[in-house]
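Trainee: Got a structure for you, questions after.
Number of protein chains: 2
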Amino acid sequence: MKEEEIKEQEESGIFISEKTKYITSFFEKTSKKKIENYCLTRLWHRLDNDEIKIIPQQYVNINPEKYALTDVYLPQFKIHIEVNEPAHYLSQVKIEEDKLRKFEIENQTGHKLYTIDCRKELSQIHQQIDTIVSEINDRISEQKSNGTFKPWQPDIEKNPDYWKQKKVISLEDEISLTNIEDICKLFNADFNKTKRGFLRRGALVHPKNSNYLLWWPAERARQGWHNKLSQDEFTITETHEDEDKRKKHFHDYYNTGQIRIVFFHNKDILGLTSYKFKGLYSYDSEQSKPEIGTVWKRISVKMSIQLEDD
Amino acid sequence: MKEEEIKEQEESGIFISEKTKYITSFFEKTSKKKIENYCLTRLWHRLDNDEIKIIPQQYVNINPEKYALTDVYLPQFKIHIEVNEPAHYLSQVKIEEDKLRKFEIENQTGHKLYTIDCRKELSQIHQQIDTIVSEINDRISEQKSNGTFKPWQPDIEKNPDYWKQKKVISLEDEISLTNIEDICKLFNADFNKTKRGFLRRGALVHPKNSNYLLWWPAERARQGWHNKLSQDEFTITETHEDEDKRKKHFHDYYNTGQIRIVFFHNKDILGLTSYKFKGLYSYDSEQSKPEIGTVWKRISVKMSIQLEDD
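So this is what it looks like as structure tokens:
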């Protein structure tokens, strides 16, 4: 369902829950890869647990020049899954590449990567998935018994009131706010100040400390501005199409001590847009250059919303 | 996967089992209706039994002027399932229509129709599906204990040697032969006789009795011939685009005593082609007319392959 369709349905009084939207969009997204889709639907339905979050196409940083996208990632258990359609086994070269890739991903992240070999009979494909399901169920029992299990709660991930009351936000909470109004609400900032005639400001100072800026950059150009989040999310490059504006901006922020609280405008792989908390970023004096733009580097993945010490 | 792709993969030595092909194509086919797809994948994976056959878009004859297509049909248990996306409940008129439809389908077929109401939370959608799953599992136990359970065996449905040894074929066996060669094999007919230069004959007499014709008509026009299987499959109308040929054919077969053993060329909803056994048909003297063509009516859904009495 397109975002507009969801809105339409909501307005017409039809209720579709957040989880239903997410998981059905997830399956639709993978529907063209038939065997992968089959394995993912089986994984989900055999797990039969709507407290589990599954993420498609997870970015994994292998080294500064190399990254991988795994088919599925289960963040609660740090488990990746790759569904290898029969074509993966056509050549020895491809088989060796897949092995190396698995080693690199596991080695770099400390996560576990499972591979489902789809050259087999249906019952054998099932068996492989059932093994993963039982491994995940073991992890859930473990986490529940030691109190570390965090259930998937998409309604909470986007609820500013929930996080306000929690007082601390962090990258691993996967906070995705629906709009700029919700960002303001979270920080007790005045939403009206974001309005500038018909335009919308791209940022607002934190009400408790003007050295902190609430910033909601978008990848997509807005009035000539470009903001590029690096694949590993360590840096954001802020630049302008127009050379004069770019240079002026560079000089305005040269060696600034400003800290930016970043909610990056995000269109997720399922086509749903939101502003996702990415952490705190400060000026990167090494990488910022008049011809490139201002570069912001990540300095923290966790913060106290009201900038208090605890 | 397109048929050509399947062939390609088979030729490249990659093995994908018949069941994997079928069920993954089934899911892909329904992938655009996101919630329906979600429910069907859940039904299948929770059943977790690859001896169960599921058919999408089952035709149901309600009366001579009215038919319905149900979302899913499980022929082994005579169970239909309708997935009602939230829009089904938008108006009282639609709700009443759905009720009437359910009544008509159950009344006409003696089958059971389940409806899944998708206006609910994910967990409530799950609950409804789990109820159907447990009903089906009860039926399987029942059928297994009284020896009537027929497992889904797509490899067998298309294997002429299997049916040859069985000696009797019937509509409910859902026999789908891959090509004309396999039809000939089943009846011990000489495949070479189907060749006519570069063309292929549309039929061949039964080797045991020349009053019986093995016929493999196709809906799609071939050299001007049209064969139309009625929705309820009670009649086949055989006609020609050209008026003279149509009239000649009508007169050639006027009041014939010929019986036709029909394997209708079939492109199933998943895009796979085959010749599907439809039963025995004889001349319909009431409906056949020079301007319409020759009409054949179904006289039996079961036959002994070698035309023996038992």
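Chains as they are written, first to last, in this note's numbering: chain A, 2 to 311; chain B, 2 to 311.
Beta carbons are placed, not taken as given, at the ideal position from N, Cα and C, and that holds for glycine.
#1: Once you ignore the five residues that flank E239/B on each side, which residues in its own chain have a CB closer than 6 Å to its CB?
#2: Given a threshold of 16 other Cβ atoms within 10 Å of its Cβ, counted over all protein chains shown, does K35/B qualify as buried or as exposed?
#3: For T25/A, return the contacting residues in chain B, with the cut-off set at a CB-CB distance below 8 Å.
#4: Thinking C-alpha only, which one of L308/A, S177/A, I24/A and E19/A is nearest K168/A?
#5: How is the beta strand (DSSP E) around P155/B delimited, first residue to last?
#6: So, is the C-beta of E12/B closer than 7 Å to a C-beta in chain A?
#7: Does the separation of the CB atoms of E19/B and D156/B fall below 7 Å?
#8: Any C-beta of chain B within less than 7 Å: which residues of the segment 42-62 of chain A qualify?
#9: Quick check on the DSSP output: the beta strand (DSSP E) that includes D118/A runs from which residue to which?
#10: Looking only at its chain, what residues have a beta carbon closer than 7 Å to the beta carbon of L188/B, apart from the 5 residues adjacent to it on each side?
#11: Please state the DSSP three-state secondary structure of F265/A.
#12: Run through chain B and tell me which residues come within less than 7 Å of I17/A, C-beta to C-beta.
#13: Threshold first: 3 residues or longer. Then list the beta strand (DSSP E) segments lying entirely within the segment 126-179 of chain A, N to C.
#14: For R299/B, count the other beta carbons within 10 Å of its own beta carbon; 16 or more makes it buried, fewer makes it exposed. Which is it?
#15: Please name the residues in the segment 189-210 of chain A whose beta-carbon is closer than 7 Å to at least one beta-carbon of chain B, in chain order.
#16: In three-state DSSP terms, what is D245/A?
#17: If you check the beta carbons only, do P152/B and E52/B fall under 7 Å apart?
#18: Pick helix, strand or coil for M304/A, following the three-state DSSP scheme.
#19: Rounded to the nearest angstrom, what separates K165/A and A69/B at their Cα positions?
#20: 7 Å is my cut-off, CB to CB: does S32/B come that close to chain A?
#21: For chain A, find out if any of its Cβ atoms is closer than 7 Å to the Cβ of F173/B; answer yes or no.
#22: Leaving out five residues on either side along the sequence, give the residues of the same chain with a beta carbon under 6 Å from the beta carbon of T21/A.
#23: Apart from the five residues just before and just after Y276/A, which ones in its own chain have a Cβ nearer than 8 Å to its Cβ?
#24: Could you pull the DSSP bridge partners for A219/A from this structure?
#25: Could you check whether the Cβ of L123/B sits closer than 7 Å to any Cβ belonging to chain A?
#26: So within the segment 16-100 of chain A, which uninterrupted alpha helix (DSSP H) runs reach at least 4 residues, ignoring any that extend past its ends?
#27: Just reading off the alpha helix (DSSP H) that F199/A is part of, what are its end residues?
Mentor: Well, looking at it:
#1: N228, G294 and T295
#2: buried
#3: K35, I36, N38 and Y39
#4: L308/A
#5: Per DSSP, P155/B belongs to no beta strand (DSSP E); it is in the alpha helix (DSSP H), P155 to E158.
#6: Note that E12/B scores 47 on pLDDT, short of 50, meaning its location in the model is unreliable and no value can be drawn from it.
#7: yes
#8: T42, R43, H46, R47 and D51
#9: K113 to D118
#10: Per the sequence shown, residue 188/B should be read as Phe rather than Leu. Only H207, P208, L215 and I306 meet the Cβ criterion.
#11: strand
#12: P87
#13: 169-171
#14: buried
#15: none
#16: helix
#17: yes
#18: strand
#19: 53 Å
#20: yes
#21: Strictly speaking, residue 173/B in this sequence is Glu, with Phe absent from that position. Not an interface residue.
#22: none
#23: S177, L178, T179, N180, I181, D183, I184, W217, F264, F265, H266 and N267
#24: H266/A
#25: yes
#26: 19-30 and 35-48
#27: Taken as a continuous stretch (DSSP letters only), F199/A belongs to no alpha helix (DSSP H), as it is neither H nor E.
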